[in-house]
Every structure is written in C-alpha cells, then in structure tokens.
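Everything below concerns the one structure shown next.
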Amino acid sequence: MAFPDGFLWGSATAAHQVEGNNIASDFWAMEHSGVPMFAEPSGDACDHYRLYRQDIALLRELGFTSYRFSIEWARVEPEDGVFSRAAIAHYRDVLEACHEHGITPMVTLHHFTSPRWLMRLGGWEYDGTPDRFADYCRTVMAELGPLIPYACTINEANISSLTRRMIEDMTAARSADTPDGGEQAPVGVSAESVESADKARDWRTPGAAALGTTPDNLNLFLFTWTDHGVDVIRRAHVAAREAIKEVSPATKTGITLALQDYQPGPGGEKAADERWAEAFDHFLPAMDGDDFVGVQNYSRVVVGPEHALPHPEGAELTQMGYEFYPQALENVVRRAASAGLPIHVTENGIATDDDTRRVEFVRRALEGVERCLSDGIDVRGYYYWSTFDNFEWMLGYRPTFGMIAVDRATQERTVKESARLLGRIAERNSLDDDIG
Ligand code: BGC
0 MAFPDGFLWG SATAAHQVEG NNIASDFWAM EHSGVPMFAE PSGDACDHYR
50 LYRQDIALLR ELGFTSYRFS IEWARVEPED GVFSRAAIAH YRDVLEACHE
100 HGITPMVTLH HFTSPRWLMR LGGWEYDGTP DRFADYCRTV MAELGPLIPY
150 ACTINEANIS SLTRRMIEDM TAARSADTPD GGEQAPVGVS AESVESADKA
200 RDWRTPGAAA LGTTPDNLNL FLFTWTDHGV DVIRRAHVAA REAIKEVSPA
250 TKTGITLALQ DYQPGPGGEK AADERWAEAF DHFLPAMDGD DFVGVQNYSR
300 VVVGPEHALP HPEGAELTQM GYEFYPQALE NVVRRAASAG LPIHVTENGI
350 ATDDDTRRVE FVRRALEGVE RCLSDGIDVR GYYYWSTFDN FEWMLGYRPT
400 FGMIAVDRAT QERTVKESAR LLGRIAERNS LDDDIG
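Here numbering that gives the first Met the number 0 is used: position 110 in the sequence shown is 109, and no number is missing along the way.
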C-alpha cells in the first residue's frame with residue numbers, strides 16, 4: 000500500500016548531539032565538571048555546525064524528504080536576553096539548505112539542552128522559565144518562521160516522569176533477590192545504566208558548582224524532581240505555542256513525548272495504565288490547540304503490580320539494554336491517536352553495531368505504521384533516530400543509533416544499508432518491494 004501523499008520521511012538529530020562545541024549550554028558545563036557519570040565530553044561531535052550543507056545534500060541523495068533537527072537555545076541566547084544574530088543567521092542557512100534540496104524541515108526548539116544561565120535562575124523548576132522560553136521561541140520564529148513549516152516546542156516534555164519511574168525500577172531491581180542470587184536490571188535499564196546511576200549519586204553538588212547554581216536548581220535535560228517542575232514544562236509548551244502562533248501562524252506546532260509501550264505483566268494492569276497516564280494523558284490539556292503530536296518510541300516495558308519486570312528470558316537486547324521490540328511503535332501510535340491530533344513519529348530507532356538488525360527494526364516498525372494507517376489513524380511522518388552515530392549524552396559516543404557512521408577523527412560519513420532502505424521507501428512512498 001502507498002503511504003499518504005506528502006508523508007514525511009526522514010531522520011532526526013539534536014543540536015548538542017551533532018553540532019559540536021555547544022559551549023554556552025548546561026550540558027557542556029556538566030561534561031567538563033569532573034562529574035564521573037559523563038563517559039566523555041561531546042567535543043566537536045559530528046561537526047554538523049560546519050558540515051550541515053553536505054549532510055543535508057546527503058539526506059536528499061538518499062531519498063529522504065524531511066529532516067528533524069533542533070535549534071540550540073544556548074547559541075541563540077547565550078546570556079539572558081542577549082540574542083546572537085550570528086546564530087540566527089546560521090540556522091537560516093541550515094533551513095535554506097533544506098529547502099534548496101527539497102527537504103521539509105521539522106524543527107525542535109528545545110532538545111534537552113538549556114542555556115547555562117537558565118540553571119542559575121532555577122531551570123525547569125523556575126516559574127519564569129515558560130516566559131523566557133517563549134521569548135526565545137518568538138525571536139527565532141519572528142526571524143525564521145517562514146522557513147519552518149513544522150515546529151516541535153519541547154522534545155520529550157514528559158521525560159522527568161519517565162526518569163523518576165526508571166530510578167524507582169532500578170532501586171527495586173537492586174534490592175530484589177533473583178534466582179541466581181545476583182541482581183537483575185529491569186526492562187529498559189541496562190546494567191550500565193545502573194552503574195552510571197551509581198556514579199551519578201553525587202553529581203548534583205559538583206554539577207551545580209560548575210553551573211554557578213544550587214543543587215536544587217539543577218535540572219539537566221528536563222529532569223525535574225517535583226510535580227511543580229512538570230507543570231513548568233507544560234506551561235512552557237503552551238507559552239511557546241502561543242508565541243509561535245503569534246509571529247508565525249502558518250507553522251504547525253506540537254510537542255514530542257517519550258512513549259514506551261507499557262504492557263501489563265501479571266497483576267500489572269493498573270500500574271501499566273498509570274504509567275501511560277503520566278507519560279501521555281497528563282499532557283493532553285497542554286496539547287489542546289496543538290497541530291500535531293510527536294511520538295517517540297524505542298521499545299516496550301512490561302509492568303508488574305509495582306515495577307517494571309525483567310526482560311523476558313532470551314530477549315534480544317540493544318546496546319542501550321532495551322529489548323529489541325519494533326512492534327512497540329504500532330502500539331503507542333494506536334494509543335496516542337486518542338489525542339485526536341495528527342501524529343508524527345518524531346523518533347524511533349535502535350542502538351546496534353549490526354546494521355542488519357537496524358534494517359529489520361525499521362521494516363517491522365514501519366509495517367506497524369502501515370497497519371495504523373490502514374485503520375484510519377492519521378500518521379503524517381516517520382523520523383528514524385538518528386541520522387548519525389552521535390553523542391548519546393552520558394554514554395558518550397559508544398551507542399551507535401545512526402544510519403550514517405561518522406569517523407570522528409576525519410568527520411568522514413559512511414552510509415549504512417539501513418539509510419538506503421529508508422531512502423528507497425521514501426522514494427516509493429511505500430514499503431512494497433522492500434518488505435518481504
Ligand atoms: C532522545 C535523544 C536520544 C535518544 C536515544 C531520545 O530520548 O530524544 O536525544 O539520543 O532518545 O537514547
């Protein structure tokens with residue numbers, strides 16, 4: 000079957016993970032604070048800040064029709080109220096390069112990194128943050144709005160609820176007795192994440208010192224620890240949408256949410272529903288007035304009466320320790336349709352060094368999207384995470400999510416078969432001939 004006309008096919012990146020030298024951001028400061036939970040600093044990353052023109056040309060050559068990337072708040076507003084004309088000119092050129100190559104830009108305005116100065120004010124717990132964020136969005140969109148057909152305000156605005164659950168699951172797993180007397184990491188949490196959480200225990204004090212703030216004001220990513228923080232994030236989305244609509248009414252605007260496929264294990268029906276409600280339903284009021292919702296999915300989580308259950312025996316695991324489970328995407332798209340908004344799959348992907356598994360993952364995930372479309376669900380785009388092997392936050396460059404490998408010494412790009420597969424699908428606007 001053919002996908003709907005105009006379906007957007009592409010891959011996604013985030014500024015801090017690919018551009019390099021994002022020095023005015025909170026994350027850069029943390030990477031250089033001596034806190035051991037950061038495997039390595041981001042450095043030049045994929046040098047995409049310099050190489051974007053050749054990268055965008057490559058995406059077009061592959062057959063992709065869209066590109067999701069983020070504009071970096073810390074570059075555009077390196078100090079509170081001080082806007083950089085040069086940074087805006089840079090992003091204008093990135094957008095122009097997309098249009099010249101027939102690539103539709105899907106722009107994210109906040110993808111986990113914030114300007115350092117925001118942390119000094121109280122970060123995502125501070126009541127003034129929604130207005131600050133809206134001012135930045137208004138400035139960018141007043142300048143660049145005509146070049147931006149789609150804007151995601153905040154990437155994974157729900158990430159702090161997920162993180163809090165993950166920490167609870169890890170704690171439960173560490174105290175649980177397993178048959179062999181060892182410790183068993185729960186679903187979605189690798190032994191490495193447990194180790195990195197151990198290292199992280201004392202990160203807030205030196206991290207706060209590096210950012211010139213207090214531990215309570217430090218919320219890297221969007222990791223707020225209180226319901227008030229979650230509310231600040233929701234208000235920031237609403238304020239940003241209003242600012243965007245004010246200066247660039249034609250730009251379709253939405254939020255993106257990290258949505259795991261919560262499946263009930265024995266006795267886990269209520270707990271699985273609660274997790275979905277936290278991740279999705281609690282954001283519905285803030286989404287009232289949006290033009291679409293961005294769905295981001297990597298795997299499933301099987302939930303017991305209280306906590307995530309261990310991976311099924313013999314499950315294939317990805318480099319992130321997630322279960323290889325591409326069918327999760329179909330399940331979350333079906334559930335997310337309850338918002339009554341068009342859906343863009345703004346992230347779906349796998350970290351593996353075996354690209355044949357990536358090919359299989361993408362094929363199976365897209366078969367699920369096709370079934371959703373056949374049932375009348377309004378899906379408008381699919382973005383694989385990620386375009387490049389890039390900086391995977393605390394884990395550094397070890398996990399490889401990319402469809403394009405990057406030699407970080409030479410910055411040479413090597414296209415993987417999975418990128419060619421997605422390009423062929425995009426060119427035909429159909430899975431036929433590729434899905435056997
Ligand atoms: C984020 C990306 C991240 C990816 C893989 C998503 O949650 O938006 O920034 O690299 O997952 O872990």
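In this text, a Cβ means the ideal position worked out from N, Cα and C, and glycines have one as well.
| Item | Value |
| --- | --- |
| Just checking, does the region 27-35 make contact with the region 60-71 on the three C-beta pairs under 8 Å criterion? | no |
| Taking DSSP's pairing of strands, which residues face Q326 in a bridge? | Answer is none; Q326 lacks a bridge partner. |
| Look up H109 in the DSSP assignment and give the residues it is bridged to. | I153 |
| Check whether the region 46-53 touches the region 414-422, taking contact to mean three or more Cβ pairs, one atom from each stretch, closer than 8 Å. | no |
| In three-state terms, what does DSSP make of G180? | In this predicted model, G180 has a pLDDT of only 39, less than 50, meaning its place in the structure is not dependable; the value taken from the coordinates is given anyway. In the structure shown, G180 sits in coil (DSSP, three-state: anything other than H, G, I, E or B). |
| Regarding W436 and the ligand BGC, is the C-beta to nearest heavy atom distance less than 8 Å? | This structure leaves residue 436 out entirely; the chain is present only between 0 and 435. |
| Ordered along the chain, which non-local residues of its own chain (more than five positions away) have a Cβ less than 8 Å from that of P284? | R233 |
| Pop quiz: A270 and G303 are said to be a contact at Cβ under 8 Å. What is the actual Cβ separation, rounded to whole angstroms? | 7 Å |
| Rounded to whole angstroms, what's the CA-CA distance from F323 to H343? Just pull it up for me. | 22 Å |
| For a quick check, are the C-beta atoms of H89 and N154 less than 9 Å apart? | no |
| When DSSP labels each residue in this structure, what does E99 get in the three-state scheme? | helix |
| Determine whether the beta carbon atoms of A239 and L108 lie at a separation below 9 Å. | yes |
| Quick one: residues in its chain with C-beta nearer than 7 Å to the C-beta of D179, no 5 flanking neighbours on either side, listed in chain order? | With a pLDDT of only 46 at D179, under the threshold of 50, the placement of this residue in the model should not be trusted, and no figure is reported. |
| Which residue from Y261, V368, A156 and A408 puts its Cα closest to that of L219? | A156 |
| Report yes if the C-beta distance between P309 and A172 is below 9 Å; otherwise report no. | yes |
| Measuring only the C-alpha atoms, how far is G9 from G80? | 34 Å |
| Any heavy atom of the ligand BGC closer than 8 Å to the beta-carbon of Y297? | yes |
| Express the C-alpha separation of T213 and A425 in angstroms, rounding to a whole number. | 48 Å |
| Mark R74 as exposed unless 16 or more other C-beta atoms lie within 10 angstroms of its C-beta, in which case mark it buried. | buried |
| Tell me which residues share the same chain as F387 and place their Cβ nearer than 7 Å to its Cβ, disregarding the 5 neighbours each side in the sequence. | T12, V17, C45, G401, I403 and V405 |
| Taking just the CA atoms, how far does W392 sit from A438? | Since the first and last residues shown for the chain are 0 and 435, residue 438 lies out of range. |
| Beta-carbon within less than 8 Å of M140's beta-carbon, same chain only, minus the 5 sequence neighbours each way: which residues are those? | I147, A150, A242, I243, V246, S247 and T250 |
| Near Y48, what residues of its chain come up, given a Cβ to Cβ distance below 6 Å and the 5 sequence neighbours on each side ignored? | E18 and G19 |
| At which residues does the beta strand (DSSP E) containing F291 begin and terminate? | F291 to N296 |
| When the Cα of S337 is compared with those of M36, A276 and W224, which residue comes out closest? | A276 |
| Exposed or buried, which one is D353 when buried takes at least 16 other CB atoms within 10 Å? | exposed |
| Quick one: give me the first and last residue of the alpha helix (DSSP H) that L219 is part of. | Careful: L219 lies outside any alpha helix (DSSP H) and carries neither H nor E. |
| If you run the structure through DSSP and keep just helix, strand and coil, what is V300? | strand |
| What number of angstroms, rounded off, separates the C-alpha of Y381 from the C-alpha of R115? | 32 Å |
| From the DSSP output, which residues share a beta bridge with K251? | Y149 |
| Can you find the residues in the same chain that come closer than 7 Å, C-beta to C-beta, to F82, ignoring five residues on each side of it along the sequence? | V75, E76 and T138 |
| Is F360 helix, strand or coil when you go by DSSP? | helix |
| The ligand BGC heavy atoms versus the CB of A13: any closer than 8 Å? | yes |
| Measure the alpha-carbon distance for G181 versus T112 and round it to whole angstroms. | With a pLDDT of 41 at G181, under the threshold of 50, the modelled position of this residue cannot be trusted; read the value that follows with caution. The straight-line gap from Cα to Cα measures roughly 36 Å. |
| In three-state DSSP terms, what is A11? | strand |
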